[in-house]
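Going line by line, the protein sequences match chains A and B.
When we follow the working numbering, the leftmost residue of the first sequence carries the number 1, and every step to the right adds one.
When we follow the working numbering, the leftmost residue of the second sequence carries the number 1001, and every step to the right adds one.
Here the structure comes first, spelled out in structure tokens, and everything after it is commentary.
2 protein chains.
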Amino acid sequence: VIALCAREGLAVVPQGGNTGLVGGSVPTGARREIVLALGRMNRIRSLDLLNDTATVEAGCVLAAVQAAATDAGRLFPLSLAAEGSCQIGGNLSTNAGGVNVRYGTAREQVLGMEVVLPDGRVWNGLRGLRKDNTGYDLKQLFLGAEGTLGVITAAVLRLYPKPTASATAWIALASPAQAVELLATLRSRVGDRISAFELVSRTCLEAVLAHLPDARDPLGAPHPWTVLAEFGDCGTAEDLHGRIAEALDGHEAVLAQSGEQARSLWRLRESIPEAQFSNVKHDISVPVSKIAEFIDLTDRALKCAFTSTQIFCFGHVGDGNLHYNIGPAALVAQRDAVNRVVYDAVERLGGSISAEHGLGQLKREAIRNQKSPLELELMRVLKTALDPKGLMNPGKVL
Amino acid sequence: VIALCAREGLAVVPQGGNTGLVGGSVPTGARREIVLALGRMNRIRSLDLLNDTATVEAGCVLAAVQAAATDAGRLFPLSLAAEGSCQIGGNLSTNAGGVNVRYGTAREQVLGMEVVLPDGRVWNGLRGLRKDNTGYDLKQLFLGAEGTLGVITAAVLRLYPKPTASATAWIALASPAQAVELLATLRSRVGDRISAFELVSRTCLEAVLAHLPDARDPLGAPHPWTVLAEFGDCGTAEDLHGRIAEALDGHEAVLAQSGEQARSLWRLRESIPEAQFSNVKHDISVPVSKIAEFIDLTDRALKCAFTSTQIFCFGHVGDGNLHYNIGPAALVAQRDAVNRVVYDAVERLGGSISAEHGLGQLKREAIRNQKSPLELELMRVLKTALDPKGLMNPGKVL
């Protein structure tokens, strides 16, 4: 298909589960183009348990990859809200992130890759090697490129030992600074057993409690901030629970006593997006050490700039990644002005205006004010070198 | 300096600690070129403990980076034989590996980077972000490029919690297949507590025992294969030792009872390179699941091809990375023929002829028979796009 499009000068919009939030898999309508849906390339080609790898096709739904790993006694750690319908090809093309602070983003899960190049030739780089220093690591080019350099059709993914014990805690905090300090303390006490560490502002929790009639605040009294933390380990649940309880000593916290309790805590976190929908959304990151300063600075700047603001802040503390959303709904009409305040703070603190959602169409203009002209030039040099006719997903990223 | 060289059409050979094994930092003499030594750019610019990052200059010796992390209560995990003199810029440019199976190669330690481009302009990508999906991840280009696309001058590196307990075991095994199985078992039992898992053939151990007059075999009786395993955890040494002893139940093994005993076990492993020097060396990788087959296949093929062979095999099982060296010394004169046998087996099993040492000058020809023409073409496309005048480290990699 790609070879035919190249011959005809037809542009190609690769599309996975179409769950992206920045319009990366949506045609712009600016020129003649086809949508290339990868959903039928959905085979798990092989599992190599002694190598801890799975070779999967781009159209595999993320949850299916997770399930195949689980069935084989392994863990595929990438996890995000859309996992029931997003596809692994899209996850890799957008370098998807999610909650699993311990294992890194999609990029870090990939050992090998198969890619159809803009001229239709197939590069077979499906190697299952953890070390391979034989020249430029070509697969890195296509990870996070949002389909603008070629179409990922398959990949060799890392699998991990499946934790045998887990613990889930809901922890009261006075401020984001306390959350960052607690994460540092926990990392020194329980190391890599922390698999998620999710910040939730009081506004977010109240929105969820209003949205879900049967939900209740896990802690008796209201707290300005809370963290949902997840821990995993090989060993017994008793050992892990004991360690976590000890590590959290001195904090007001609830440690889930059953799988059902853990799921109800996670349901609170996972319902945040649908509970506060009509506002100006952001997916930003800053160094972890700057999280508190970012929230403080931006909250104040927004309060100065607009007469009424309501800030819903939640996110992945371990990755410095905040979903920082600003209401009320009336502010949506002033989206550009709101963005300007937030992006200024991001820039001041050395952050990113798209931590995990990509640029797509939505942030293609904004990024020109954030990145240096040299960095933009280097990106264009790569685009021109690999896709000289500009046929791959035009109008996205660059 | 680079801008001046670009103006004069003078080639540049970046050089760090000059400890590479493939001639990547050595001028070829084929044309007028300068050696650019980075050793004086050796400041640790900053440590950000709440972000778990260090910003360091290229000329920092690896051991100095490790020490700075340790002094701050953190771990910088990259560790390899030359750590006392190799420099971090060289480690990143060659995507160095080493023994630390748990944390990955140099590439995986980098969050941000500063690079002088072939025309002398400086790209400042020194971001300390764990998530940043705003277009192509430019730093990936320079990692492992062996200085052929630009000169890395500084980087933001990840730091990790420092394990508070460690355990070191020397384990008897009948075969490489048993080593691979044991690693899989241990991963399911103790997860990421495994920080090194080093295979040692009897020939290697005997060479070390002959080379070090005061060394002795840690196990009473001779075994065809042994593994040196290192474990780390946050917690007490007693807890960790108890778990490891339990996990190794049924295996003939020595668990070090003191730091001194652990060091003497590591000394056996670290003395292997100097104990078997005059032979034909290889640094190969295969999928972990193919290690046993590789050793079996290659041993047999070498015995067929040459009247007398002595095989010294050691390496990093968790990475599928073997140093597979073939004596006696007389075979060095037949290096090309020996390489051919080994590289054929590597290719058959989907492996790499340079797992962690790079291509440099030494493997620049050999790789042309291993990689597809398309992959070589893509590498050349990148080289031409970023260094159109071919001034950066000519005669290396491509």
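Don't be surprised by glycine CBs; every beta carbon is placed ideally from N, CA and C.
query = Is the number of C-beta pairs between the stretch 1362 to 1372 of chain B and the stretch 1098 to 1110 of chain B that are closer than 8 Å three or more?
reply = No, they do not touch.
task = Please list the partners that Trp1123(B) has in chain E, where partner means a Cβ-to-Cβ separation under 9 Å.
result = Among the chains of the structure shown, chain E does not appear; the protein chains present are A and B.
task = With DSSP as the reference, label Ala1385(B) as helix, strand or coil.
result = Indexing the second sequence from 1 puts residue 1385(B) at position 385. Correct three-state label for Ala1385(B): helix.
task = Would you mind giving the Cβ-Cβ distance between Gly358(A) and Val22(A), rounded to the nearest angstrom? I have them listed as a contact below 8 Å.
result = Within the first sequence, residue 358(A) is the residue found at index 358, counting from 1. Within the first sequence, residue 22(A) is the residue found at index 22, counting from 1. Distance from Gly358(A) to Val22(A) at the Cβ level is roughly 5 Å; contact confirmed, criterion being Cβ atoms closer than 8 Å.
request  = Use the C-beta contact count for Asp1283(B): other C-beta atoms within 10 angstroms, 16 or more gives buried, fewer gives exposed.
outcome  = Position 283 of the second sequence, counted from the start, is the residue given in the question as residue 1283(B). Buried, because 16 or more other Cβ atoms sit within 10 Å of the Cβ of Asp1283(B).
query = Where does Ser1264(B) sit, in a helix, a strand or coil, going by DSSP?
reply = Locating residue 1264(B) in the second sequence gives position 264, where the first residue counts as 1. In this structure, Ser1264(B) counts as helix in the three-state DSSP scheme.
message = Taking 7 Å as the cut-off, is the beta-carbon of Gly1039(B) closer than that to any non-hydrogen atom of the ligand HEM?
response = No copy of the ligand HEM appears in this structure; indeed no ligand is present at all.
inquiry  = Nearest by alpha-carbon distance to Ser79(A): which of Ser258(A), Thr70(A), Lys303(A), Ala96(A) is it?
reply    = Translated into positions along the first sequence, residue 79(A) becomes position 79. That would be Ala96(A), whose Cα lies nearest to the Cα of Ser79(A).
message = Could you tell me which whole beta strand (DSSP E) segments of length 3 or greater appear in the stretch 40 to 116 of chain A?
response = Listed in chain order, the complete beta strand (DSSP E) runs (minimum 3 residues) inside the stretch 40 to 116 of chain A are 44 to 48, 53 to 57, 110 to 116.
task = Output yes if chain A places a C-beta closer than 8 Å to the C-beta of Thr1028(B); else output no.
result = By one-based count along the second sequence, residue 1028(B) stands at place 28. Not one chain A Cβ lies under 8 Å of Thr1028(B).
ask   = Near Pro176(A), which residues of its chain fall below 7 Å by C-beta distance, leaving aside the five closest residues on each side in sequence?
value = If you number the first sequence from 1, residue 176(A) lands on position 176. Exclusion of the five residues before and after Pro176(A) leaves Leu199, Trp225, Ile291, Ala292, Ile295 as the residues of its chain whose Cβ lies within less than 7 Å of its Cβ.
ask   = At what residues does the beta strand (DSSP E) containing Ala345(A) begin and finish?
value = Numbered from 1 along the first sequence, position 345 holds the residue referred to as residue 345(A). Looking at the DSSP string, Ala345(A) is not in any beta strand (DSSP E); the run it does join, the alpha helix (DSSP H), is 335 to 348.
request  = Look at the alpha carbon of Glu1230(B) and the alpha carbon of Phe1312(B), and state the distance between them as a whole number of angstroms.
outcome  = For the purposes of this step, residue 1230(B) is taken as the residue at position 230 of the second sequence. For the purposes of this step, residue 1312(B) is taken as the residue at position 312 of the second sequence. Taking the straight line joining both Cα atoms gives about 22 Å.
inquiry  = I need the boundaries of the alpha helix (DSSP H) containing Val332(A), first residue and last residue.
reply    = The count along the first sequence starts at 1 and reaches residue 332(A) at position 332. Val332(A): not part of any alpha helix (DSSP H); DSSP gives it neither H nor E.
ask   = Which full runs of the alpha helix (DSSP H) of 4+ residues lie inside the stretch 1254 to 1320 of chain B, going along the chain?
value = You should have 1259 to 1270, 1272 to 1275, 1291 to 1305.
inquiry  = Rounded to whole angstroms, what is the Cα-Cα separation between Arg1340(B) and Gly1024(B)?
reply    = Numbered from 1 along the second sequence, position 340 holds the residue referred to as residue 1340(B). Numbered from 1 along the second sequence, position 24 holds the residue referred to as residue 1024(B). The straight-line gap from Cα to Cα measures roughly 22 Å.
request  = Spell out a yes or no on whether the stretch 1264 to 1282 of chain B and the stretch 1313 to 1329 of chain B are touching, meaning 3 or more CB-CB pairs, one atom from each, closer than 8 Å.
outcome  = Yes: the two stretches touch, three or more of their Cβ pairs being nearer than 8 Å.
ask   = In or out: Val1013(B) buried (at least 16 other Cβ within 10 Å) or exposed?
value = Along the second sequence, one-based indexing puts residue 1013(B) at 13. Its Cβ being crowded by 16 or more others within 10 Å, Val1013(B) is buried.
query = Along chain B, in chain order, which residues have C-beta atoms closer than 9 Å to that of Glu108(A)?
reply = Numbered from its first residue, the first sequence carries residue 108(A) at position 108. Neighbours of Glu108(A) on chain B, chain order: Gly1104, Glu1108.
inquiry  = Counting only beta-carbon separations shorter than 8 Å, does Ser289(A) have a partner in chain B?
reply    = Position 289 of the first sequence, counting from 1, holds the residue named residue 289(A). Interface residue, yes.
8 Å Cβ cutoff met for Leu362(A) and Leu268(A) = Residue mapping note: residue 362(A) aligns to position 362 of the first sequence, counting from 1. Residue mapping note: residue 268(A) aligns to position 268 of the first sequence, counting from 1. For the 8 Å CB-CB criterion, Leu362(A) and Leu268(A) do not form a contact.
query = Roughly how many angstroms lie between the CA atoms of Gly1125(B) and Gly351(A), to the nearest whole one?
reply = The residue labelled residue 1125(B) in the question sits at position 125 within the second sequence. The residue labelled residue 351(A) in the question sits at position 351 within the first sequence. If I take the Cα positions, the gap works out to 11 Å.
task = Evaluate Pro213(A) with the Cβ neighbour count: other Cβ atoms within 10 Å of its Cβ, from every protein chain shown; 16 or more gives buried, anything less gives exposed.
result = Within the first sequence, residue 213(A) is the residue found at index 213, counting from 1. Pro213(A) should be labelled exposed.
request  = Identify the contact partners of Glu83(A) in chain B, using a Cβ-Cβ distance below 9 Å as the criterion.
outcome  = Along the first sequence, read from residue 1 onward, the residue named residue 83(A) stands at position 83. Among the residues of chain B, none has a CB under 9 Å from the CB of Glu83(A); the nearest is roughly 17 Å distant.
key: For His323(A), the three-state DSSP class (helix, strand or coil)   = Position 323 of the first sequence, counted from the start, is the residue given in the question as residue 323(A). Reduced to three states, the DSSP call for His323(A) is strand.
task = Spell out whether any CB of chain A is found under 8 Å from the CB atom of Asn1051(B).
result = For the purposes of this step, residue 1051(B) is taken as the residue at position 51 of the second sequence. Among the CB atoms of chain A, one or more fall inside 8 Å of the CB of Asn1051(B).
request  = Using a Cβ cut-off of 8 Å, pull out every chain B residue sitting near Asn18(A), in sequence order please.
outcome  = On the first sequence, position 18 is the one that residue 18(A) refers to. Ordered by position in chain B, no residue passes the 8 Å Cβ test against Asn18(A), which lies about 18 Å from the chain.
request  = Using a Cβ-Cβ cut-off of less than 9 Å, give me the residues of the stretch 353 to 367 of chain A that come near chain B, in sequence order.
outcome  = Going along the stretch 353 to 367 of chain A in chain order, one finds Ile353, Ser354, Ala355, Glu356, His357, Gly358, Leu359, Lys363, Ile367 with a Cβ nearer than 9 Å to chain B.
query = So, does the CB of Asn1325(B) fall closer than 8 Å to a CB anywhere in chain A?
reply = Counting from 1 along the second sequence, the entry for residue 1325(B) is found at position 325. Interface flag for Asn1325(B) against chain A is unset, since no Cβ pair is found closer than 8 Å.
The alpha helix (DSSP H) enclosing Arg1187(B), as first and last residue numbers = Here the question's residue 1187(B) lines up with position 187 in the second sequence. 1176 to 1190 is the span of the alpha helix (DSSP H), which, as asked, contains Arg1187(B).
ask   = Pro161(A) versus chain B: which residues are under 8 Å apart at the beta carbon?
value = Residue numbering aside, residue 161(A) sits at position 161 when the first sequence is read from its first letter. Chain-ordered, the chain B residues with CB closer than 8 Å to the CB of Pro161(A) read Arg1187, Ser1188, Gly1191, Asp1192.
ask   = Would a check of beta-carbon distances place Asn133(A) closer than 8 Å to chain B?
value = For the purposes of this step, residue 133(A) is identified with residue 133 of the first sequence, where counting begins at 1. At least one chain B Cβ lies under 8 Å of Asn133(A).
task = To the nearest angstrom, report how far apart Gly104(A) and Leu1138(B) are at their CA atoms.
result = Residue mapping note: residue 104(A) aligns to position 104 of the first sequence, counting from 1. Residue mapping note: residue 1138(B) aligns to position 138 of the second sequence, counting from 1. Distance between Gly104(A) and Leu1138(B), taken at the CA atoms: about 18 Å.
query = Among Arg300(A), Thr70(A), Phe314(A), Leu62(A), which has the Cα closest to the Cα of Thr203(A)?
reply = For the purposes of this step, residue 203(A) is taken as residue 203 along the first sequence, with counting starting at 1. Answer by Cα proximity: Phe314(A).
task = Under 9 Å between beta-carbons, which chain A residues line up against Gly1351(B)? List them in chain order, please.
result = Translated into the one-based positions of the second sequence, residue 1351(B) becomes position 351. Within chain A, the residues near Gly1351(B) are Arg127, Leu129, Asp132.
ask   = Quick one: which chain B residues come within Cβ less than 7 Å of Gly97(A)?
value = Position 97 of the first sequence, counted from the start, is the residue given in the question as residue 97(A). Within 7 Å Cβ-Cβ: Lys1131.
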